[in-house]
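> This is the structure, below, for whatever I ask next.
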Amino acid sequence: MLKSLFLQVIFPSILLFSEENEGFIKVKGKNLADKNGKIFFIKGINLGNWLLPEGYMWLLSSSYYDRPRRIEKLIIDLIGTDKAKEFWKKYRDKYITEEDIKEIKNIGFNTIRVPINYRLFLEENSTNLIDEGFIYLDRLVNWCRKYNLFLVIDLHAAPGGQTGDNIDDSEANSTDLFKNEFYEEMTVFLWKNIALRYKDEKNILAYDLLNEPLPKRENNIHLYYKLEILYKKITKAIREVDTNHIITIEGANWATDFSIFSEPFDSNILYQFHKYWDNTDDASLEKYLYFREKYNVPVWCGETGENNNQWYYNNFRLLEKHNIGWAFWPWKKLYNPNCPYSIKYPDGWGKVTSYARYGTKLEREEAERILSNFIENILIKNCEFNEEVIKAIFGRK
Numbered sequence: 001m002l003k004s005l006f007l008q009v010i011f012p013s014i015l016l017f018s019e020e021n022e023g024f025i026k027v028k029g030k031n032l033a034d035k036n037g038k039i040f041f042i043k044g045i046n047l048g049n050w051l052l053p054e055g056y057m058w059l060l061s062s063s064y065y066d067r068p069r070r071i072e073k074l075i076i077d078l079i080g081t082d083k084a085k086e087f088w089k090k091y092r093d094k095y096i097t098e099e100d101i102k103e104i105k106n107i108g109f110n111t112i113r114v115p116i117n118y119r120l121f122l123e124e125n126s127t128n129l130i131d132e133g134f135i136y137l138d139r140l141v142n143w144c145r146k147y148n149l150f151l152v153i154d155l156h157a158a159p160g161g162q163t164g165d166n167i168d169d170s171e172a173n174s175t176d177l178f179k180n181e182f183y184e185e186m187t188v189f190l191w192k193n194i195a196l197r198y199k200d201e202k203n204i205l206a207y208d209l210l211n212e213p214l215p216k217r218e219n220n221i222h223l224y225y226k227l228e229i230l231y232k233k234i235t236k237a238i239r240e241v242d243t244n245h246i247i248t249i250e251g252a253n254w255a256t257d258f259s260i261f262s263e264p265f266d267s268n269i270l271y272q273f274h275k276y277w278d279n280t281d282d283a284s285l286e287k288y289l290y291f292r293e294k295y296n297v298p299v300w301c302g303e304t305g306e307n308n309n310q311w312y313y314n315n316f317r318l319l320e321k322h323n324i325g326w327a328f329w330p331w332k333k334l335y336n337p338n339c340p341y342s343i344k345y346p347d348g349w350g351k352v353t354s355y356a357r358y359g360t361k362l363e364r365e366e367a368e369r370i371l372s373n374f375i376e377n378i379l380i381k382n383c384e385f386n387e388e389v390i391k392a393i394f395g396r397k
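Taking the numbering used here, I'd label the letters of the sequence shown as residues 1 to 397.
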């Protein structure tokens, strides 16, 4: 039985959106609001590790298998191509289910941010669409509609890679999106087709064009000027088919550097930063607050988390004090109590991590058994609920 926590605390300084969906949420000055002017304050959760697996959430840190394409190779090596296809179907069907979405609503979140990998939507090195990713997005959109939740679609892994790290599923840790015109074309094409498909969905809050682009590295800084140019190209393509939805754009350097932005180029843009492992004082938000005041635009924190409960409490009270919406990262992961739900450690999982790190022999039959246990453990009914995390996020007693 799920240990749901219903919304218990309403912060008096925040005007909350009503339970009824009053049409598309749009930018209104420094806030988001419905057509009647009711303010919407984002209290979100990230569905990390679902449509874009990350190695650290599988306890595969310090191994080669740190990103989707490499984790896929690991599963093939362990159980073969046919069994691997079955594994991923079960994984995506069970990692996030309707029960997860219902629980997200019951806890008190009002928004979901879903990281996606372009390879579930486009053939590699092609503009040929494939159905797999849309099947899962359609399902999620329907669940969000049913439970009156809003959805941010986050392109976490763009063609060629926008981050040059494990999180963008790049092949060689290079930000090739900004070096190859065809990757750019693929990205624009994908976003236009996502927008065309979902242009009438009122429960979609925003399109998050690129996750954490261009970390501050010597081989990236000379590309900074290209980021806003690409944002404008994608936005232009989206606006040809969808004038309703908010577009949210992230700064450079892990979504912390807003210096790459000039004046707003669209009237419905939500600027986004991410906040990890730093101070929880006013000074930590100063540059974002300055940007908000200068351009009279809204800002929000699209990712924050991966810390302890005291930091969570201080961080979320700080964001709310400054009227900055947020999305916690992530919803659940393997054997770690610092998120709302923890996946229990599967029997024999250490043999998988030993194979990944050291090449320790693991027989196929045993690997199948271990992975089968893992699949059962990812179901929310089999996960451990971390109530203290929720209390810290929402400031509950």
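Glycine included, every Cβ here is placed at the ideal spot set by N, Cα and C.
Verify whether the separation of the beta carbon atoms of TRP254 and GLU212 is less than 7 Å.
Numbered from 1 along the sequence shown, position 254 holds the residue referred to as residue 254. Numbered from 1 along the sequence shown, position 212 holds the residue referred to as residue 212. Contact flag set, yes.
> Taking contact to mean 3 or more Cβ pairs, one atom from each stretch, closer than 8 Å, check whether the region 30 to 38 and the region 104 to 118 are in contact.
No, because fewer than three Cβ pairs between the region 30 to 38 and the region 104 to 118 fall closer than 8 Å, the two stretches do not touch.
> For ARG197, which three-state DSSP category applies?
The residue labelled residue 197 in the question sits at position 197 within the sequence shown. Helix, per DSSP.
> From GLU286 to THR243, what does the alpha carbon distance come to, in whole angstroms?
Looking up residue 286 in the sequence shown gives position 286. Looking up residue 243 in the sequence shown gives position 243. GLU286 and THR243: Cα-Cα distance of roughly 31 Å.
> Based on the DSSP output, what are the partners of ILE247 in its beta bridges?
On the sequence shown, residue 247 is found 247 positions in, with the first residue counted as 1. ILE247 pairs with TYR207 and ILE269.
> Quick one, are the C-beta atoms of VAL389 and PRO340 less than 7 Å apart?
For the purposes of this step, residue 389 is taken as residue 389 along the sequence shown, with counting starting at 1. For the purposes of this step, residue 340 is taken as residue 340 along the sequence shown, with counting starting at 1. A contact, by the Cβ cut-off of 7 Å.
> Mind checking who VAL114 pairs with in its DSSP beta bridge?
For this step, residue 114 is matched to residue 114 along the sequence shown. Answer is ILE153, bridged to VAL114.
> Given a cut-off of 7 Å on the beta-carbon distance, is the pair ILE260 and LEU227 in contact?
By 1-based counting over the sequence shown, the position of residue 260 is 260. By 1-based counting over the sequence shown, the position of residue 227 is 227. Yes; because the gap between Cβ atoms is below 7 Å, this pair is in contact.
> Below 8 Å on the Cβ atoms is my contact criterion, and I expect ILE221 with VAL27 to pass it. Report the Cβ-Cβ distance as a whole number of Å.
Against the sequence shown, residue 221 aligns to sequence position 221. Against the sequence shown, residue 27 aligns to sequence position 27. With a Cβ gap of about 30 Å, ILE221 and VAL27 do not count as contacting.
> Can you tell me whether THR405 is buried or exposed? The criterion is at least 16 other CB atoms within 10 Å of its CB, across all chains shown.
Shown here, the chain extends from 1 to 397; a query on residue 405 therefore has no answer.
> Do ALA356 and TYR65 have their beta-carbon atoms positioned less than 7 Å apart in this structure?
By 1-based counting over the sequence shown, the position of residue 65 is 65. By 1-based counting over the sequence shown, the position of residue 356 is 356. Contact: yes.
> Express the C-alpha separation of TYR295 and ILE378 in angstroms, rounding to a whole number.
Translated into positions along the sequence shown, residue 378 becomes position 378. Translated into positions along the sequence shown, residue 295 becomes position 295. The straight-line gap from Cα to Cα measures roughly 43 Å.
> Suppose the cutoff is 6 Å on Cβ atoms and the five residues either side in sequence are ignored; what does the same chain contact list for TYR198 look like?
Numbered from 1 along the sequence shown, position 198 holds the residue referred to as residue 198. The residues are ILE204.
> Considering only C-alpha positions, which residue in the set LEU210, TYR312 and LEU137 is nearest to ASP278?
Here residue 278 is taken as the residue at index 278 of the sequence shown, counted from 1. Minimum Cα distance to ASP278 is reached at TYR312.
> What separation, rounded to the nearest whole angstrom, lies between the Cα atoms of SER62 and LYS361?
As a working note, residue 62 is residue 62 in the sequence shown. As a working note, residue 361 is residue 361 in the sequence shown. Going from the Cα of SER62 to the Cα of LYS361 covers about 18 Å.
> Exposed or buried, ARG217, counting other C-beta atoms within 10 Å across all chains shown (16 or more means buried)?
Residue mapping note: residue 217 aligns to position 217 of the sequence shown, counting from 1. ARG217 should be labelled exposed.
> Helix, strand or coil: which one does DSSP assign to LYS105?
Against the sequence shown, residue 105 aligns to sequence position 105. Helix.
> Please go through the same chain and pick out, in chain order, the residues whose beta-carbon is closer than 7 Å to the beta-carbon of GLY23, but skip the five residues on each side of it.
As a working note, residue 23 is residue 23 in the sequence shown. Contacts found: ASP34, LYS35 and LYS202.
> Just the Cα atoms here: how many angstroms apart are HIS274 and PHE328?
In the sequence shown, the residue the question calls residue 274 occupies position 274. In the sequence shown, the residue the question calls residue 328 occupies position 328. One C-alpha to the other measures close to 10 Å.
> When you compare each of LYS381, SER354, GLU365 and THR187 to LEU59 by their alpha carbons, which one comes out closest?
For this step, residue 59 is matched to residue 59 along the sequence shown. The option with the nearest alpha carbon to LEU59 is SER354.
> Could you pull the start and end residues of the beta strand (DSSP E) that TYR341 belongs to?
The residue labelled residue 341 in the question sits at position 341 within the sequence shown. Per DSSP, TYR341 belongs to the beta strand (DSSP E) from 341 to 343.
> Which residues mark the beginning and the end of the alpha helix (DSSP H) in which LEU51 is found?
On the sequence shown, residue 51 is found 51 positions in, with the first residue counted as 1. Per DSSP, LEU51 belongs to no alpha helix (DSSP H) and is neither H nor E.
> Could you check whether ALA157 and LYS192 sit closer than 7 Å to each other, using their CB atoms as the reference points?
The sequence position of residue 192 within the sequence shown is 192, counting from 1. The sequence position of residue 157 within the sequence shown is 157, counting from 1. Not in contact: LYS192 and ALA157 (Cβ atoms no closer than 7 Å).
> Using only alpha-carbon positions, find the residue among ASN323, GLU306 and ASN382 that is nearest to ALA392.
Here residue 392 is taken as the residue at index 392 of the sequence shown, counted from 1. The residue with the shortest Cα to Cα distance from ALA392 is GLU306.
> Kindly indicate which three-state DSSP category ASP257 falls into: helix, strand or coil?
On the sequence shown, residue 257 is found 257 positions in, with the first residue counted as 1. ASP257: strand per DSSP, three-state reduction.
> Leaving out five residues on either side along the sequence, give the residues of the same chain with a beta carbon under 8 Å from the beta carbon of LYS3.
Position 3 of the sequence shown, counting from 1, holds the residue named residue 3. Confidence is the limiting factor: at LYS3 the pLDDT is only 40, short of 50, which leaves the residue's position unreliable and the question unanswerable from this model.
> Just reading off the alpha helix (DSSP H) that ILE393 is part of, what are its end residues?
For this step, residue 393 is matched to residue 393 along the sequence shown. Run containing ILE393: 387 to 394, per the alpha helix (DSSP H) assignment.
> What does DSSP give as the partner residues of LEU32 in its beta bridges?
Along the sequence shown, read from residue 1 onward, the residue named residue 32 stands at position 32. Paired residue(s): VAL27 and PHE40.
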